[in-house]
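Protein chains in written order, with my numbering: chain A, 740 to 1107; chain B, 225 to 642; chain C, 236 to 481.
Laid out in structure tokens, this is it:
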């Protein structure tokens, strides 16, 4: 019996996605239903931030970090400020460190709400879990607006601390949110975790072996889903994370479902951290006075934090002037994409979309 | 031609027809009755489509913890009108290379079976537009036309991806016709009649058929969602969107017709479910108080609510999972169902037992259905539960000392098949 | 807490294995010659004491005379971090690719190639990733439309569209590479050779181009005060600055 030979054809996934990942294009070569080659085309959101940052002072570059990973602005700010403080040798007051931890963890919850919601949306549930998670995300964004005036591009951290202290109405709001949050996370898990259709869509799809993950510089839930318990907050504690008690969730199999449940559990651990930080929050200044144009001594620094997407690092080179000589962002979404091709070849388009959703990319961070 | 009178038992037009019959030819009365009945059904279908648009959006909103449309009119009630106006005033684009005559046909073709389904429903004890003796067969036959219309839509768009989407949808719809046909055999065997009105009457004298053939209810529920292209089986509107679905090239009211037909089909499917399995216009004597057709319409909307509920809650299947479900799970279940019911009917008739035997039959069938569903379910989903669905919590960092992968070099592009 | 392995220690370990690979060492990093980078990287990855299996960051830095590719690597099992650098000439800037050692270098090397122009030999598919094929130049280089002193003329047009009467970019550095790239050799014909080779950037005496007497590290406010100065960079014809395409 002669086999029906069909020529392979190229299908564009993107740049306009039905699912909300940003402007990102994958040229998939299909043979029937299976993908045999996947080539990424990036750069639709390239704004040359690294070049622009060389012309601006260190403080003027903080808003750039908001707009890179626009769904996790606080952690972007935090990573950059830590790098500059490492470069310039600035010490941050304790209250500022606690506030940084609180807002970074709030941002982690918000980002994971979005990531998990859109993941289930990619699997086909018409935004129902997404809307549930957006309820809590809205409350977190209200907290941000209360403190620094902006919901998304917060521009909250400064070199040497944070920009504003929290207002009085912040405490009851965050306390009530943290009191309710564990029930809500249990609600999300009840909606999704035991759903066989979700299991059918996400189990054993996009499996990433641990040694391949390490070798491909994967970070964040991608790495933890493959069973490697690595978290920058535990390995290289910054701010006051060494005083917080929390656990690292890891998966067993390295597939999309494991990354999904890792993110769910990370939300719970973030609630733990926030509660402890609120208890231990000391009084004091939230900032240190700095010269208008900060001129760190010549040298270089690489500082990293655990952003919701993975390890966010900043490599700064200073030459003694007010502007950085080299400003480079180690963006987790970009480097996590290294594994995409291996993950996706051999799957069908539906599975490729689910895998891409589980990596949790943010194109602002990829393209910068 | 008096026997024709039995074909259009429209009450309270009964007197009108009998009066007309004395003065005019029989076939004229038949035509008049057909026109009046069709007008009634068209009214219901038209209003039903409008109500469904509003109901669907509002209910899905409530399921998703948000309000549905609430701007246009009180509680958003004027929203369907706004949607219709929007679709009507859109520019209707047609690709140059599309086959023009074939391109314009599908919106019309797909509308016809949706309308025709309502003809055999029994709205009240004597209110049937076409009391066909082979009503169930008629329903199955016309529901296959939808698949044809979808394929014409995909083919005539002259769009590679629309064709791909259309072919997938056809494969799915044809696959789900088979269990659907099988599952209709069971109530027909039990009741001894294929006419829809006859089945409702049988249920009036005995009990709801759902109690006797619960397996058919379940199979029909799932097959119907697949036939309707609704979640969890809506690959036509979702994955194919990335490739492009069968109705991409349709804009304006042509697309509006596809959308409306999906809603009307949902009503039709709910109607079939209500008539065949849940008693139609009969509800334990309540139809003496409330008009029977109101009860029937309420039942239709009850099942439509179930369809919306499914849509709001469940993620969607992949195409190969859907086909596996149809052929490997539903078809064997349907065959077992038919075999069991046939045996029971045989015993009933051969041993000449009375009507009392239906009660133990119901008990046996429900128990058997539950057992079979559980068993099949366990078999099919066993592989998802070999790993627990919870994470491991680790107190401190713990990285295993793994050697770097052997082939660290990246995989070169796969050579394309010649 | 992650231990940072100092550049001196790292250089010692590398020197023990490859005696003449290390060019320079610092408190922070060890600089290696470009042609040795792959074997050094492989050694660092597989050596059980160093065990640098994880590549945190790979980026290029443009030091005007030479390129440096910075590798921030770490060991997860031992929880240590170290910095390795590979130095290469600016023209051409070729570095062997470390993708056989760490797969994660793949996309980062593409980015360094795209934005800086450093070619990585042995990379499976070295193509431009953020900018389109055919984009003229490599924007993150120091001589691409940026000037010493922090004054930036701004991009009036897309890189290959010039306003009326203009034939090339207004001002660029005096490196031969830039001249070759943009055909401004005649402008730099009388440029004097580099006064202080090998001196780090921060300690160079900056000699700005004529018309741009802007010292480095000036206080803010001074730039605004010079706003009225006419330089090479003001576009003579105002109409050419309109944004709408005819």
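Don't be surprised by glycine CBs; every beta carbon is placed ideally from N, CA and C.
For residue j and residue i, the rounded distance between their alpha carbons
{"i": "residue 589 of chain B", "j": "residue 299 of chain B", "result": "44 Å"}
{"i": "residue 862 of chain A", "j": "residue 446 of chain B", "result": "19 Å"}
{"i": "residue 384 of chain B", "j": "residue 391 of chain B", "result": "11 Å"}
{"i": "residue 1068 of chain A", "j": "residue 800 of chain A", "result": "12 Å"}
{"i": "residue 930 of chain A", "j": "residue 919 of chain A", "result": "17 Å"}
{"i": "residue 404 of chain B", "j": "residue 410 of chain B", "result": "11 Å"}
{"i": "residue 574 of chain B", "j": "residue 429 of chain B", "result": "21 Å"}
{"i": "residue 352 of chain B", "j": "residue 423 of chain B", "result": "13 Å"}
{"i": "residue 612 of chain B", "j": "residue 600 of chain B", "result": "20 Å"}
{"i": "residue 624 of chain B", "j": "residue 761 of chain A", "result": "35 Å"}
{"i": "residue 809 of chain A", "j": "residue 420 of chain B", "result": "59 Å"}
{"i": "residue 376 of chain C", "j": "residue 959 of chain A", "result": "31 Å"}
{"i": "residue 539 of chain B", "j": "residue 875 of chain A", "result": "22 Å"}
{"i": "residue 378 of chain B", "j": "residue 480 of chain B", "result": "16 Å"}
{"i": "residue 445 of chain C", "j": "residue 300 of chain C", "result": "No answer about residue 445 of chain C holds up, because its pLDDT of 38 lies below 50 and its placement is not dependable."}
{"i": "residue 882 of chain A", "j": "residue 831 of chain A", "result": "23 Å"}
Burial state of residue i, where buried means 16 or more other Cβ atoms lie within 10 Å
{"i": "residue 367 of chain C", "result": "exposed"}
{"i": "residue 543 of chain B", "result": "buried"}
{"i": "residue 320 of chain C", "result": "buried"}
{"i": "residue 1093 of chain A", "result": "buried"}
{"i": "residue 360 of chain C", "result": "exposed"}
{"i": "residue 1087 of chain A", "result": "buried"}
{"i": "residue 303 of chain C", "result": "buried"}
{"i": "residue 500 of chain C", "result": "Lying before the first or after the last residue shown, residue 500 of chain C is absent from chain C, which here runs from 236 to 481."}
{"i": "residue 620 of chain B", "result": "exposed"}
{"i": "residue 508 of chain B", "result": "exposed"}
Interface residues of chain C facing residue i [CB-CB closer than 7 Å]
{"i": "residue 955 of chain A", "result": "338 and 339"}
{"i": "residue 628 of chain B", "result": "280 and 288"}
According to DSSP, residues forming a beta bridge with residue i
{"i": "residue 778 of chain A", "result": "A/766"}
{"i": "residue 260 of chain C", "result": "C/265"}
{"i": "residue 321 of chain C", "result": "C/267 and C/304"}
{"i": "residue 1049 of chain A", "result": "A/1046"}
{"i": "residue 347 of chain B", "result": "In DSSP, residue 347 of chain B forms no bridge with anything."}
{"i": "residue 239 of chain C", "result": "C/316"}
{"i": "residue 513 of chain B", "result": "In the DSSP output, where bridge partners are listed per residue, residue 513 of chain B has none listed."}
{"i": "residue 293 of chain C", "result": "C/306"}
{"i": "residue 356 of chain C", "result": "C/331"}
{"i": "residue 748 of chain A", "result": "A/769"}
{"i": "residue 1057 of chain A", "result": "A/1038"}
Beta-carbon proximity list for residue i, same chain, < 8 Å, skipping 5 on both sides
{"i": "residue 406 of chain B", "result": "443, 555, 558, 559, 561 and 562"}
{"i": "residue 339 of chain B", "result": "265, 266, 269 and 488"}
Proximal residues of chain A, C-beta to C-beta of residue i below 8 Å
{"i": "residue 287 of chain B", "result": "867"}
{"i": "residue 618 of chain B", "result": "968, 986, 987, 988 and 989"}
Contact set for residue i: own chain, Cβ-Cβ below 6 Å, skip 5 residues either direction
{"i": "residue 1007 of chain A", "result": "924"}
{"i": "residue 316 of chain C", "result": "237, 239 and 309"}
{"i": "residue 280 of chain B", "result": "532"}
{"i": "residue 564 of chain B", "result": "none"}
Contact list for residue i against chain D, beta-carbon separation under 7 Å
{"i": "residue 623 of chain B", "result": "Absence of chain D from the displayed structure is noted, the protein chains being A, B and C."}
Where residue i meets chain C, residues with beta-carbon distance less than 8 Å
{"i": "residue 965 of chain A", "result": "Chain C residues near residue 965 of chain A: none, gap ~13 Å exceeds 8 Å."}
{"i": "residue 781 of chain A", "result": "364 and 365"}
{"i": "residue 1052 of chain A", "result": "291, 292 and 307"}
Contacts of residue i in chain A (Cβ-Cβ under 9 Å)
{"i": "residue 378 of chain B", "result": "Within chain A, no residue comes near residue 378 of chain B; the closest Cβ sits about 16 Å away, beyond 9 Å."}
Close-in-space but distant-in-sequence residues of the same chain around residue i (CB under 7 Å, 5 per side omitted)
{"i": "residue 966 of chain A", "result": "949, 989, 990, 991 and 993"}
{"i": "residue 512 of chain B", "result": "none"}
{"i": "residue 858 of chain A", "result": "999, 1096 and 1097"}
{"i": "residue 418 of chain B", "result": "357, 358, 359, 360, 361 and 412"}
Contacts of residue i in chain A (Cβ-Cβ under 7 Å)
{"i": "residue 236 of chain C", "result": "975 and 976"}
{"i": "residue 342 of chain C", "result": "1073, 1074, 1076 and 1077"}
{"i": "residue 536 of chain B", "result": "865 and 867"}
Under 7 Å from the C-beta of residue i: neighbouring residues of chain B
{"i": "residue 990 of chain A", "result": "615"}
{"i": "residue 970 of chain A", "result": "621"}
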